[in-house]
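> In order, the protein sequence lines correspond to chains S and H. Residue 162 in this note's numbering sits at position 177 of the first sequence, with consecutive numbering throughout. This note's numbering runs 9 ahead of the 1-based position in the second sequence. Quick reminder that beta carbons are idealized off the backbone N, C-alpha and C, glycines included. Here it is, the structure in full.
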Amino acid sequence: MAAFTIAAGTGNWFSALALGVTLLKCLLIPTYHSTDFEVHRNWLAITHSLPISQWYYEATSEWTLDYPPFFAWFEYILSHVAKYFDQEMLNVRNLNYSSSRTLLFQRFSVIFMDVLFVYAVHECCKCIDGKKVGKELTEKPKFILSVLLLWNFGLLIVDHIHFQYNGFLFGLMLLSIARLFQRQGLPILSRLVLNSRGQAILPPRLTKVLGLQKRHMEGAFFFAVLLHFKHIYLYVAPAYGVYLLRSYCFTANKPDGSIRWNSFSFVRVISLGLVVFLVSALSLGPFLALNQLPQVFSRLFPFKRGLCHAYWAPNFWALYNALDKVLSVIGLKLKFLDPNNIPKASMTSGLVQQFQHTVLPSVTPLTTLICTLIAILPSIFCLWFKPQGPRGFLRCLTLCALSSFMFGWHVHEKAILLAILPMSLLSVQKAGDASIFLILTTTGHYSLFPLLFTAPELPIKILLMLLFTIYSISSLKTLFRKEKPLFNWMETFYLLGLGPLEVFCEFVFPFTSWKVKYPFLPLLLTSVYCAVGITYAWFKLYVSVLIDPPVGKTKKQ
Amino acid sequence: MEKWYLMTIVVLIGLTVRWTVSLNSYSGAGKPPMFGDYEAQRHWQEITFNLPVKQWYFNSSDNNLQYWGLDYPPLTAYHSLLCAYVAKFINPDWIALHTSRGYESQAHKLFMRTTVLIADLLIYIPAVVLYCCCLKDISTKKKIANALCILLYPGLILIDYGHFQNIYNSVSLGFALWGVLGVSCDWDLLGSLAFCLAINYKQMELYHSLPFFCFLLGKCFKKGLKGKGFVLLVKLACTVVASFVLCWLPFFTEREQTLQVLRRLFPVDRGLFEDKVANIWCSFNVFLKIRDILPRHIQLIMSFCFTFLSLLPACIKLTLQPSSKGFRLTLLKLYSVILFFFLYHFRPVCLVLSEIPFMSTWFLLVSTFSLLPLLLKDELLMPSVVTTMAFFIACVTSFSIFEKTSEEELQLKSFSISVRKYLPCFTFLSRMIQYLFLISVITMVLLTLMTVTLDPPQKLPDLFSVLVCFVSCLNFLFFLVYFNIIIMWDSKSGRNQKKIS
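Quick look at the structure:
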């Protein structure tokens, strides 16, 4: 009985949260799944039935393998479990095959892989400053953080309804972040080194000594592995590179926080390089040996797709496109434009990948690349010149993810999760970050709504969204109730506006006459409305990063 | 209340679970000619919409009573009518007379599920939230935990949203809960009105009427039958009569109408039990075929007598000493009593969850388990396992039930003290209950696994479902004894506490 009591974990809130969300995921099994389900089934079939040399050449299905090799190996391992469920799903020619056993297997594989995510969240919670602990369990930052991560709305609907394997990939990322925070042996570094405002309070020499023991190598290893699972994480690679170089390879700072050039450690650079090189060799080596690297890369980076996805991700280009549309309409009204010269492609109709601009200049992949780089640069400079420890790194990482989301080429709306999840870690530590986080998550999550467009899922997405949003806003408000309110009137007004927008898009619009004339209107509205919020959050975060004084200059409190 | 947001979260979780369960299949999906309870509900919409009130309960060429005839009280019929108007607005095919029989489509399923959710949202969930807020002497956190566990109770969710029973249980239970709420908060008139609505929604609620009656009568006695008590009694009687008349108004026009409705409501000719049910009769049946030996009316009288007798002591006590806690206990005991009764259908309420968390959780688990054969038939294995586990986890974490197994926590202190007067060595009670719990859980898990994985031997195709009934019945018998003990020894411990304080 005693053993049973311990196993059941009386009062162990973390396992209850994790188990609870796992059970919810199991309940989501019969929900709608998108074409990504078929994508992954096809990859299972490819890796199972073909030799390695054909993995990146196989093109029977339109959903070709376009993830890096580690993911292919992952599918290969999965396929050896899958054959006990249903042999048929492993046939390459069996397009759009989805028996109930296939469904069960695929759904369970996602749920099972989330164990890694749960572990990573557990590790992340250890890094959280435990000083401001309230008496109530529900007011502890750790508790709030684990709910924000484990019950994340975006992950739930993208992974467990829409169907993708983001959970364990984000698990790897969070794990590598946690390792950068942690010291060997003693997990709670931040409590010692950082004060409640997240600034270092110890003298730099002591920080250096502690920094010696941080598990940077492990963090770098996990991130390298992650990159070879899914290359979208390249967006945040600059943050990792600069941070490791600055804080790990240089072992000391000057008293004012600037770099001490003579403290450069060659051993560390080489060991870091070796880790990254070995991981890459393991992943890409076989394809190099087969002389297939160009083919692999052409699959990984397809620039033939359009600027925006069929549904515009709420970023800068969505605003740009909308502005173009508005200008062209005005131009037509005022007779500045000739109606015959205007391209007929109806935007966001779903099939058209290319969107032709009428008034503003068209955007090329190179432009977006330059814009992205320019957007990322200041945050990288900040990380180099004003190092603020792991927290500064985390903000830079979030900024990298957000900037590339803002300006990237053919960005999916799901990519917003890349910014939201690391940002959750920041949100429970500082009121300013919390307010940015709330704007970002609420709009970002809302922008995921068009992913689920079927009627039975409508209540689920609304309920889960409400669940997450109400929880995150109320709990963070409780946590920071002693500081100034999280939102000003403008932000409150904007966030409340999401409600009427949803009512209009899902409940009013289908019954109006516009439905036939402008079928894309709800998507356009959603995308533009969310783009405003996300741009605002991006801008606000940038300002706060740039304004924040560097560590060395803060007065010791 | 500062933590209002947690209550919102709890309600949202409850709603999410309900909706996700409803994505699964329902009873009788794609099984002509009779289909299942889902079709019954749809059929009632068709009948109530297309036929005049007078023909609802009568057999006619348009209303074949053999095919899911209406056999619930008028309020259910009105509810069906209301749903039918909405259905008419969306798609008239759904309720077209005759031609819509066995109509099934995704859109229609969605519509039916939505009607359940809306009814739940309007009646049951507010009742639960308000009930938990009105609980006395416990912290806000406990109130919220209580609400979470009640809302996650898998039996109700699975029956209403998975199986799709031919009646909206949440409505009748919700009304009954409003009744309990009203009566315990001293809004007696409101309480009795709500309870009358519950009875008029589902005649099954009559089982609860005895404690209600006794409790209110006891209240009147307490106030003095000659003064205020009498006024209260008259008021109550008027409320009850008025609400009944209101509900039955269209059927009071002719005597034959009323009689026909009553005949439909209490089909005494259906026999002692229908399917494999976890009640005494069904389990007993394995050894002795009562159904074949005794004539119908003797079965009826027998089961009625047993039920009445097993209820009697608690009710007398309630009349003499009306206390809201005793009232809730009696209600709960009722559920275990129902196993003596006629047909199956029992749905426990988690009313005393916060007071005796250990036993209540156990009881609720067993009650869900007893539904297993039914749920398996509807291919609801997955949601039932998941929701049961979720419920268990919720109970374990919010009440830490395993730490509350001492004699005081189980409210058995006074009982064991009085037993020890005769048997001094009687000290192992709480340990014994823990082991019993473990054994019962293990049997349930094993039996579930066996039912799912093994094929029953050819000679005994119902082996597993009979076993499930038998095991649940044993458990229920145990609970019956337990709750009786608690109620009987309750006042003594109460008096002791008063002396101490």
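1) With 16 other CB atoms within 10 Å as the buried threshold, where does lysine 239 of chain S fall?
2) So what does DSSP say about valine 396 of chain S, is it helix, strand or coil?
3) Any chance you could list the alpha helix (DSSP H) runs of at least 4 consecutive residues sitting entirely within the segment 236 to 295 of chain S, in chain order?
4) Run down chain H in chain order and give the residues with a C-beta less than 7 Å from the C-beta of serine 84 of chain S.
5) Applying a beta-carbon distance threshold of less than 8 Å, which residues of chain S neighbour valine 30 of chain H?
6) Enumerate in chain order the residues of its own chain whose CB-to-CB distance from leucine 15 of chain H is below 6 Å, with the five nearest sequence positions on each side excluded.
7) Check the Cβ-Cβ distances between alanine 440 of chain S and every residue of chain H, and say whether any is below 8 Å.
8) Distance check for leucine 433 of chain S and leucine 385 of chain H, CA to CA, integer angstroms please.
9) Tell me which same chain residues have a C-beta within less than 8 Å of the C-beta of leucine 312 of chain S, skipping the five on either side of it?
10) Would you call the segment 17 to 35 of chain H in contact with the segment 90 to 102 of chain H, where contact means no fewer than 3 C-beta pairs closer than 8 Å?
11) Are the C-beta atoms of tyrosine 14 of chain H and some chain S residue less than 8 Å apart?
12) Locate the alpha helix (DSSP H) running through glutamate 113 of chain H, then write down its first and last residues.
13) Do serine 512 of chain S and alanine 303 of chain S count as a contact pair if the criterion is CB distance below 8 Å?
14) Alpha carbon to alpha carbon, what distance is there between threonine 439 of chain S and tyrosine 17 of chain S?
15) Use the C-beta contact count for asparagine 27 of chain S: other C-beta atoms within 10 angstroms, 16 or more gives buried, fewer gives exposed.
16) In the DSSP output, which residue or residues are listed as bridge partners for proline 375 of chain S?
17) I think glycine 139 of chain S touches leucine 402 of chain S, with their Cβ atoms under 8 Å apart; what is that distance to the nearest whole Å?
18) State yes or no: is the C-beta of tyrosine 177 of chain H within less than 8 Å of the C-beta of alanine 128 of chain H?
19) Would you mind giving the Cβ-Cβ distance between isoleucine 547 of chain S and serine 460 of chain S, rounded to the nearest angstrom? I have them listed as a contact below 8 Å.
20) Tell whether a beta-carbon distance below 8 Å holds between valine 264 of chain S and alanine 209 of chain S.
21) Anything in chain S within Cβ reach of alanine 399 of chain H, meaning under 7 Å, just list it in chain order.
22) Report the neighbours of isoleucine 22 of chain H on chain S: residues whose CB is nearer than 8 Å to its CB, in chain order.
23) Suppose contacts are defined by Cβ-Cβ distances below 8 Å. Is leucine 21 of chain H in contact with leucine 451 of chain S by that definition?
24) Could you tell me the distance, in whole angstroms, from the CA atom of threonine 7 of chain S to the CA atom of phenylalanine 401 of chain H?
25) Please decide whether valine 454 of chain H counts as near chain S, where near means a Cβ-Cβ distance under 8 Å.
26) Tell me the residue span of the alpha helix (DSSP H) that contains histidine 342 of chain S.
27) Between the C-alpha atoms of alanine 122 of chain H and histidine 147 of chain S, what's the straight-line distance to the nearest angstrom?
28) Strictly under 8 Å for the Cβ-Cβ distance: is alanine 298 of chain S near chain H by that measure?
29) How is tyrosine 47 of chain H classed by DSSP in three states: helix, strand or coil?
30) Spatial neighbours of valine 477 of chain H within its chain, please: C-beta separation below 8 Å, excluding the five flanking residues on both sides.
31) Applying the 10 Å Cβ sphere with the 16-neighbour rule, what's the burial state of glutamate 23 of chain S?
32) Is serine 148 of chain H helix, strand or coil when you go by DSSP?
33) Which term fits cysteine 92 of chain H, buried or exposed, when burial requires 16 or more other beta carbons within 10 angstroms of its beta carbon?
34) For lysine 12 of chain H, I'd like the list of residues in its chain whose CB is within less than 8 Å of its CB, leaving aside the five on either flank, ordered along the chain.
35) Tell me where the alpha helix (DSSP H) around serine 512 of chain S begins and ends.
36) Please determine if the segment 387 to 399 of chain S and the segment 345 to 355 of chain S are in contact, where contact requires at least 3 C-beta pairs separated by less than 8 Å.
Judging by the given coordinates:
1) exposed
2) strand
3) 251 to 274 and 278 to 285
4) Residues of chain H passing the Cβ test: none, with the nearest at roughly 15 Å.
5) Leu12
6) Ile153
7) So yes, alanine 440 of chain S belongs to the interface.
8) 36 Å
9) Excluding sequence neighbours, leucine 312 of chain S sits near Thr343, Val344 and Leu345.
10) no
11) Yes, contact with chain S.
12) Where glutamate 113 of chain H is concerned, there is no enclosing alpha helix (DSSP H), given that its DSSP letter is neither H nor E.
13) yes
14) 8 Å
15) With 16 or more other Cβ atoms within 10 Å, it is buried.
16) S:Gln373
17) 5 Å
18) yes
19) The question about residue 547 of chain S has no answer here: the residues shown for chain S are numbered -14 through 542.
20) yes
21) Gly5 and Leu8
22) Leu452
23) Leucine 451 of chain S sits close to leucine 21 of chain H, with the two beta carbons spaced by under 8 Å.
24) Going by the C-alpha atoms only, they are around 14 Å apart.
25) Chain S contact via Cβ: absent.
26) Note, histidine 342 of chain S: premise wrong, no alpha helix (DSSP H); not H, not E.
27) Checking the sequence shown, residue 122 of chain H turns out to be arginine, not alanine. For arginine 122 of chain H and histidine 147 of chain S, the distance between alpha carbons rounds to 22 Å.
28) no
29) helix
30) Lys285, Ala287, Phe378, Ser379, Leu381, Pro382, Leu456 and Thr460
31) buried
32) Three-state DSSP puts serine 148 of chain H in coil, outside helix and strand.
33) buried
34) Thr149, Lys150 and Ile153
35) Counting along the chain, the alpha helix (DSSP H) containing serine 512 of chain S begins and ends at 506 to 532.
36) With the cut-off at 8 Å, the segment 387 to 399 of chain S and the segment 345 to 355 of chain S touch.
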